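Sequential numbering of the sequence shown, starting at 0, is according to numbering that gives the first Met the number 0.
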Amino acid sequence: MLVSLFLLSVAALATAIPTWEGLARFDVAELAPKTTAIQVLGSMVNQPSHLCSHNPGQAGNLTFAPTYKQTPSLFTIPGDSGKLWQYINETTILPVTILNTTLYEAAPLQLVLGKQQSRTAKVISGGRWAWRGTMLQFYMGPRTNSGVFFACPTPEGVLGLFMWLSPGQVPAECEIITMHSFAEHIIGEIKKR
């Protein structure tokens with residue numbers, strides 16, 4: 000009886016430990032110091048702004064907001080995973096997902112937070128996020144967005160973030176932006192090279 004109770008307690012404890020789909024187990028103490036706010040730069044960005052979701056801390060379309068309106072969201076690329084995650088707290092980490100949409104022909108890849116799927120979009124699997132200097136870039140095999148993203152209106156009338164993995168025209172209603180981190184651990188990696 001006592002052994003059964005002990006095994007039941009261990010099983011309950013194991014299911015209560017937070018896990019993050021697709022992310023190898025990391026100690027929060029290792030993960031949190033490697034998080035960074037991602038600053039958004041571009042001609043339409045006239046004040047310090049950062050990457051965030053439309054509803055802070057929740058899954059949905061990624062966008063950017065002026066820093067004075069809300070505390071910057073924290074993101075991380077843990078280890079050599081090549082996956083970009085938003086760190087919410089010790090129990091919640093949301094993946095940045097790439098959707099192949101039909102909204103903009105010249106920039107069909109939309110950035111969303113979480114495993115959100117729509118009826119008109121397909122999740123892109125594979126790919127790799129990496130810092131090139133202070134600039135965030137996305138790679139899919141030999142192709143890359145070269146750190147260029149587009150801020151474009153969504154059907155809901157808010158700005159969404161899109162990209163394409165080939166050089167081309169800027170979509171009609173969109174503006175070019177880039178994303179950067181000036182955190183010590185990113186700058187430190189640049190100095191080591």
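Note that beta-carbon positions come from the ideal geometry of N, C-alpha and C, so glycine has one too.
Predicted model only: the values in this text are computed from it and were never measured.
Could you pull the start and end residues of the beta strand (DSSP E) that residue i belongs to?
| i | result |
| --- | --- |
| His179 | Glu174 to His179 |
| Met139 | Met134 to Met139 |
| Gln38 | Gln38 to Gly41 |
| Gln85 | Trp84 to Asn88 |
| Pro94 | Thr91 to Asn99 |
Does the beta-carbon of residue i, which I'm using as the reference point, lie nearer than 7 Å to any heavy atom of the ligand ADP?
| i | result |
| --- | --- |
| Val39 | With respect to the ligand ADP, the structure offers nothing, as it holds no ligand at all. |
Please report the distance separating the alpha-carbon of residue i from that of residue j.
| i | j | result |
| --- | --- | --- |
| Ser80 | Gly156 | 34 Å |
| Asn60 | Pro141 | 26 Å |
| Leu108 | Asn99 | 5 Å |
| Gln168 | Phe148 | 12 Å |
| Phe181 | Gly132 | 9 Å |
| Trp163 | Gln136 | 11 Å |
| Glu183 | Leu93 | 23 Å |
| Thr62 | Leu50 | 6 Å |
| Val44 | Gly78 | 31 Å |
| Val39 | Cys151 | 14 Å |
| Gly113 | Ser124 | 13 Å |
| Asn88 | Trp130 | 23 Å |
Looking at the unbroken alpha helix (DSSP H) that takes in residue i, where does it start and where does it end?
| i | result |
| --- | --- |
| His184 | Glu183 to Lys191 |
Comparing C-alpha positions only, which one of the options sits nearest to residue i?
| i | options | result |
| --- | --- | --- |
| Lys121 | Thr75, Glu172, Ile97 and Trp130 | Ile97 |
| Thr91 | Ile185, Ala150, Pro55 and Gln136 | Pro55 |
| Leu158 | Leu110, Leu73 and Ser72 | Leu110 |
| Ser52 | Leu40, Phe74, Gln46 and Met134 | Phe74 |
| Cys173 | Val95, Thr153, Gly113 and Ala64 | Thr153 |
| Glu193 | Phe161, Glu188 and Ile189 | Residue coverage of the chain in this structure runs from 0 to 192, which leaves residue 193 outside it and unanswerable. |
Count the other CB atoms within 10 Å of the CB of residue i; is the residue buried (16 or more) or exposed (fewer)?
| i | result |
| --- | --- |
| Ile186 | exposed |
| Ala202 | This structure cannot settle anything about residue 202, because the visible part of the chain is limited to 0 through 192. |
| Gln85 | buried |
| Thr70 | exposed |
| Lys68 | exposed |
| Asn144 | buried |
| Pro176 | Reading off the sequence, residue 176 comes out as Ile, not Pro. Flag for Ile176 reads buried. |
| Ser42 | exposed |
| Ser165 | exposed |
Would you please verify whether the beta carbon of residue i is less than 8 Å from any beta carbon of chain C?
| i | result |
| --- | --- |
| Pro77 | Structure shown: chain C not included; a single protein chain is present. |
With residue i and residue j assumed to form a contact (beta carbons below 8 Å), what rounded beta-carbon distance in angstroms separates them?
| i | j | result |
| --- | --- | --- |
| Ile76 | Met178 | 12 Å between Cβ atoms; not a contact. |
| Thr35 | Ser48 | Actually they are not in contact, since the Cβ atoms of Thr35 and Ser48 sit about 15 Å apart, beyond 8 Å. |
| Tyr138 | Gly146 | Wrong, their Cβ atoms sit about 11 Å apart, outside the cutoff. |
| Trp128 | Lys82 | 7 Å |
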